[in-house]
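Residue numbers (our numbering), protein chains in the order written: chain A, 68 to 498; chain B, 5 to 362. Take a look at the structure below.
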Amino acid sequence: MRYWKTLTAAAVIASLGGAALAEEIYVPNLSYRTGPFAATGIPLMNGQKDYFEMLNARDGGIGGVKIAFEECETGYSTEKGVECYEKTKGNAVITQPWSTGITLQVLPKTNVDEIPLLANGYGFSPMADGKTFQWAFNAPAGYWDAASMLVSYIDGQGGIAGKKIAFLHLDHPYGKEPIPLFEKKAAELGFEFLPIPVGLKEMQNQSAQWLQIRRERPDYVLMWGWGAMNAGAITEAVKTKFDMSKFIGVWWSGHDADLALVGDAGKGYKSISWSFPNADAGVMADIKTHVVDAGKSLSNPEEMSGVFYGRGLVMSMILAEGIAAAQAEYGTGVITPAQLRWGLENLNITEARLAELGMEGMVPPFSTSCANHTGHSGGWILEWDGSKFVKASDHIMPDTSDYAELIAEKAAEYASANAPWPVNESCDAMN
Amino acid sequence: MIYRTVGQFKTSYRRDQALFPVRQDAFLLGVILIFAWVIFPLTASEFAFQTLLIPILIYALAAMGLNILTGYAGQLSLGTGAFMGVGAYACYKLITIFPWMNPIVAILLSGVFSAGVGVMFGIPSLRIKGFYLAIATLAAQFFLVWLFEKWAWLYNYNASGAIQVPNLEMFGVFVSGPQATSMTQYFIVLAIVSLMTVLCINLTRGNQGRIWKATRDMDIAAELIGINLMKSKLTAFAVSSYIIGVAGALFVFMWRGAAEPNLFDIPLSFRVLFIAIIGGLGSIMGNYLGAILIVGLPVVLNIVPEAMGLDIKSATVEHLNIMIVGALIIFFLIIEPHGLAALWRLVREKLILWPFPH
Numbered sequence: 068m069r070y071w072k073t074l075t076a077a078a079v080i081a082s083l084g085g086a087a088l089a090e091e092i093y094v095p096n097l098s099y100r101t102g103p104f105a106a107t108g109i110p111l112m113n114g115q116k117d118y119f120e121m122l123n124a125r126d127g128g129i130g131g132v133k134i135a136f137e138e139c140e141t142g143y144s145t146e147k148g149v150e151c152y153e154k155t156k157g158n159a160v161i162t163q164p165w166s167t168g169i170t171l172q173v174l175p176k177t178n179v180d181e182i183p184l185l186a187n188g189y190g191f192s193p194m195a196d197g198k199t200f201q202w203a204f205n206a207p208a209g210y211w212d213a214a215s216m217l218v219s220y221i222d223g224q225g226g227i228a229g230k231k232i233a234f235l236h237l238d239h240p241y242g243k244e245p246i247p248l249f250e251k252k253a254a255e256l257g258f259e260f261l262p263i264p265v266g267l268k269e270m271q272n273q274s275a276q277w278l279q280i281r282r283e284r285p286d287y288v289l290m291w292g293w294g295a296m297n298a299g300a301i302t303e304a305v306k307t308k309f310d311m312s313k314f315i316g317v318w319w320s321g322h323d324a325d326l327a328l329v330g331d332a333g334k335g336y337k338s339i340s341w342s343f344p345n346a347d348a349g350v351m352a353d354i355k356t357h358v359v360d361a362g363k364s365l366s367n368p369e370e371m372s373g374v375f376y377g378r379g380l381v382m383s384m385i386l387a388e389g390i391a392a393a394q395a396e397y398g399t400g401v402i403t404p405a406q407l408r409w410g411l412e413n414l415n416i417t418e419a420r421l422a423e424l425g426m427e428g429m430v431p432p433f434s435t436s437c438a439n440h441t442g443h444s445g446g447w448i449l450e451w452d453g454s455k456f457v458k459a460s461d462h463i464m465p466d467t468s469d470y471a472e473l474i475a476e477k478a479a480e481y482a483s484a485n486a487p488w489p490v491n492e493s494c495d496a497m498n
Numbered sequence: 005m006i007y008r009t010v011g012q013f014k015t016s017y018r019r020d021q022a023l024f025p026v027r028q029d030a031f032l033l034g035v036i037l038i039f040a041w042v043i044f045p046l047t048a049s050e051f052a053f054q055t056l057l058i059p060i061l062i063y064a065l066a067a068m069g070l071n072i073l074t075g076y077a078g079q080l081s082l083g084t085g086a087f088m089g090v091g092a093y094a095c096y097k098l099i100t101i102f103p104w105m106n107p108i109v110a111i112l113l114s115g116v117f118s119a120g121v122g123v124m125f126g127i128p129s130l131r132i133k134g135f136y137l138a139i140a141t142l143a144a145q146f147f148l149v150w151l152f153e154k155w156a157w158l159y160n161y162n163a164s165g166a167i168q169v170p171n172l173e174m175f176g177v178f179v180s181g182p183q184a185t186s187m188t189q190y191f192i193v194l195a196i197v198s199l200m201t202v203l204c205i206n207l208t209r210g211n212q213g214r215i216w217k218a219t220r221d222m223d224i225a226a227e228l229i230g231i232n233l234m235k236s237k238l239t240a241f242a243v244s245s246y247i248i249g250v251a252g253a254l255f256v257f258m259w260r261g262a263a264e265p266n267l268f269d270i271p272l273s274f275r276v277l278f279i280a281i282i283g284g285l286g287s288i289m290g291n292y293l294g295a296i297l298i299v300g301l302p303v304v305l306n307i308v309p310e311a312m313g314l315d316i317k318s319a320t321v322e323h324l325n326i327m328i329v330g331a332l333i334i335f336f337l338i339i340e341p342h343g344l345a346a347l348w349r350l351v352r353e354k355l356i357l358w359p360f361p362h
């Protein structure tokens, strides 16, 4: 009997606590600090969390309203992802799904539940079409942006025509996505494109793939890898003495810990990225005073200087800017998911704004509109110097005209396959 | 006391062989059915539908399919996940090629495809047994998942390489896709699972079930008394794969809404196998008990700390959860190696005799 009393008391307290939450904005994050991808997940999650902790401690939240940032652990499993989505969607203003599988699962529900979906730099590239995917955002850049930037970077390094480019990718929706664009560019610019898939089961043992690379002698190897595949490919490249300066990964293949495994031998390895860790930025100092010194951070100095932690900060910044924009537009503190959607559609991250936020050089400036949910920020080539990543190029922009048609076509395909699929009729901006 | 069978006289053989010779069993089942059909739908939240009720039913059905093969016919299989995938992809192709087709008909038909594939991969069972057969079905697992990845026709050349469930209507109500309500989907799943359960119970109690059990217990003896082993093993593969295929179609169409090929990989096969083993091989009810333990319990454990007002990090809860569920599995297998169904059988027998232990 006594147990029941305690339980009831706990329930009453919990429900009272729920009432007190009303003056907060609930921002869930479907994190993965456990499971096979935890090594890459933890720095990203820490960055995201620390940015909101810092805003709460320094400014009392955004626009005076506290941000209730809460993680729901998925372990990168789609099943747990759905569980977390159902658990959080009641009060959430946003869904941050964090895996391609969970994104695909949640995407069709966005039109019904009307909660924005924010997949920074991942997810489904056609989400750039904001008219079709009203509730989904993948700012600041998608995979087709990355492919376009890589092609123009290689072209700038002495011409791409006649070169042979191998594309080492995870044999999964994520890895296959840029192939149509690469094939199109290969036909246009006259380079040879050679896709080399790595199955989910062969991520750690890529000897067959690298044997093929040795035989084919490509001029460049591009990589769309994730998790254990990155470390596998990098160690294999070192073993086969592949010229590291000709090996370029997408932004998810630029994790400091993967390169630290090979240290100096990895010197010259590159990765395209829309984020860069700037240890001298104002935001880092603020996080140090308000979060780290207050003992609220789960991170450590080594991790905080890495690319992925910095990327986590940028992701939270994008969301925070969306919240602030929505608050300013609607003149209210506690915003609704629909208002946040307006905010995310009207992001305008300029150099001046980045300086104000103390995030100079951490992300290229970009802006979104109701038709353009990506922003196409462009990015930099980062190079591993033996102990850390440094910027190795100027700001590169993607040529979005190359795949505007592809985006429209795939978005229309998605909409018709999921009919009835309401689109944003009121949006007349051009992508 | 509650289970007292005194005074329940059976006056005919027919009544003695009835599904529920003890009145209390029928009563208990009635209560469960009332809960499943009336009380849960009326009280469950969206969260409960999506994370507890629907998945438990679907996993229980898949485990039931496996149980026919492994528990009743004694043929070990590790290809369950892939056979579920065959059902799901078949249903997807049926729906996209024939958009006018009734979704429930499509789901029931898709099992036919997986039954076909199952029989094909069951042929080695005529020559090999036990662990060796498990390896042969493992081949099905690898081959089929590879096929789901490589054969673009299966997912209609979709850019993402995944299948997305369209919005499907039946009599003016959306039954699948994002527009469908959880309640509708729950009732469809419940109806199909109930139907399959009744079929399975009768199948395993009847002539065919006895043939399977004879094959399981000693195949040479079974052959000597005139059982055609080829027919017995292949029908087990067919029936089992049919049920698993239907479970797979429900899995994607009534619950997940989208699926990528690696969803049907080995972890899914193992999960279903664990449900069947922990629930109890050679039992129908065990599948439900196993699914509740393996699928339902982690979800419930996840919300406990929050409901108690404890502030524990989500990742920590996840770690604790894995430990608790693991410990419980070991605990149940130690106190009753034959699974939860056997545990219930034991409890029931004690209850009937209670308060006299001998």
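Ideal Cβ placement from N, Cα and C applies to all residues, glycine included. Since the structure is predicted, the reported quantities are computational estimates derived from the model, not experimental observations.
When the Cα atoms are used, I248(B) and G197(A) turn out to be separated by approximately 39 Å. For N106(B), no chain A residue has a Cβ inside 7 Å of its Cβ, as the nearest lies near 18 Å away. In the DSSP assignment, L261(A) falls within the unbroken beta strand (DSSP E) covering 259-265.
When 9 Å is used as the limit between beta carbons, G181(B) is near these residues of chain A: P175, N485, in chain order. Under the three-state reduction of DSSP output, Y287(A) falls in the strand class.
Sixteen is the threshold: since fewer than 16 other Cβ atoms of the shown chains lie within 10 Å of the Cβ of D221(B), the residue is exposed. Among the residues of chain B, those whose CB is under 7 Å from the CB of D238(A) are E153, following chain order. Straight-line measurement puts the Cα of M121(A) at about 46 Å from the Cα of L261(A).
Put simply, the segment 155-173 of chain A does not touch the segment 451-465 of chain A. Fewer than three CB pairs are less than 8 Å apart.
Per the Cβ contact rule, the segment 132-144 of chain B is in contact with the segment 80-95 of chain B (3 or more Cβ pairs under 8 Å). Among the residues facing chain B, K154(A) is included, as its CB has a counterpart in that chain under 8 Å away.
Only those residues of the segment 31-59 of chain B whose C-beta falls short of 7 Å from the nearest C-beta of chain A are listed: E50, F51, Q54, T55.
Looking only at F234(A), W488(A), G190(A), P240(A), the smallest Cα-Cα distance to D286(A) is reached by F234(A).
Distance from the CA atom of G445(A) to the CA atom of W409(A), rounded to whole angstroms, is 23 Å. Annotated three-state conformation of E244(A) is coil, per DSSP. Scanning P487(A), G349(A), P368(A) for the CA closest to the CA of E423(A) turns up G349(A). Flagged as an interface residue toward chain B: V149(A), by a C-beta distance shorter than 8 Å. Boundaries cannot be given for L158(B), as no alpha helix (DSSP H) includes it and DSSP labels it neither H nor E. Listed in chain order, the positions of the segment 454-477 of chain A with a beta carbon within less than 7 Å of a beta carbon of chain B are K477. Residues of the segment 163-191 of chain A with a C-beta atom less than 7 Å from some C-beta of chain B are G168, L171, Q172, P175, K176, N178, V179, F191, listed in chain order. At a Cβ-Cβ threshold of 8 Å, L185(A) and Q201(A) do not count as neighbours. With 16 or more other Cβ atoms inside 10 Å of its own Cβ, A263(B) counts as buried. DSSP places L277(B) within a helical segment (H, G or I) once states are collapsed to three. In the structure shown, the three-state DSSP call for L199(B) is helix. Going by DSSP, W447(A) is part of the beta strand (DSSP E) stretching over 447-451. The alpha-carbon separation between Q28(B) and I6(B) amounts to approximately 8 Å.
Beta-bridge partners assigned by DSSP to A263(B): I167(B).
According to the DSSP secondary-structure assignment, D196(A) is paired through a beta bridge with N439(A).
Within the segment 145-176 of chain B, the residues whose Cβ lies closer than 7 Å to some Cβ of chain A are E153, A163, S164, G165, A166, Q168, P170, N171, listed in chain order. Within chain B, no C-beta atom comes less than 9 Å from the C-beta of C437(A); the nearest is roughly 21 Å away. Under a 10 Å Cβ-count criterion, D212(A) is classified as buried, with 16 or more other Cβ atoms of the shown protein chains found around its own Cβ. Three or more Cβ pairs drawn from the segment 286-298 of chain B and the segment 335-344 of chain B lie within less than 8 Å of each other, which places the two stretches in contact. At a cut-off of 8 Å between beta-carbon atoms, A66(B) makes no contact with chain A.
Scanning chain A for C-beta atoms nearer than 8 Å to the C-beta of L254(B) yields nothing, as the closest lies near 15 Å away. For G316(A), the enclosing beta strand (DSSP E) begins and ends at 314-316. About 19 Å separates the CB atoms of V358(A) and V132(A); that is not less than 8 Å, and the two are not in contact.
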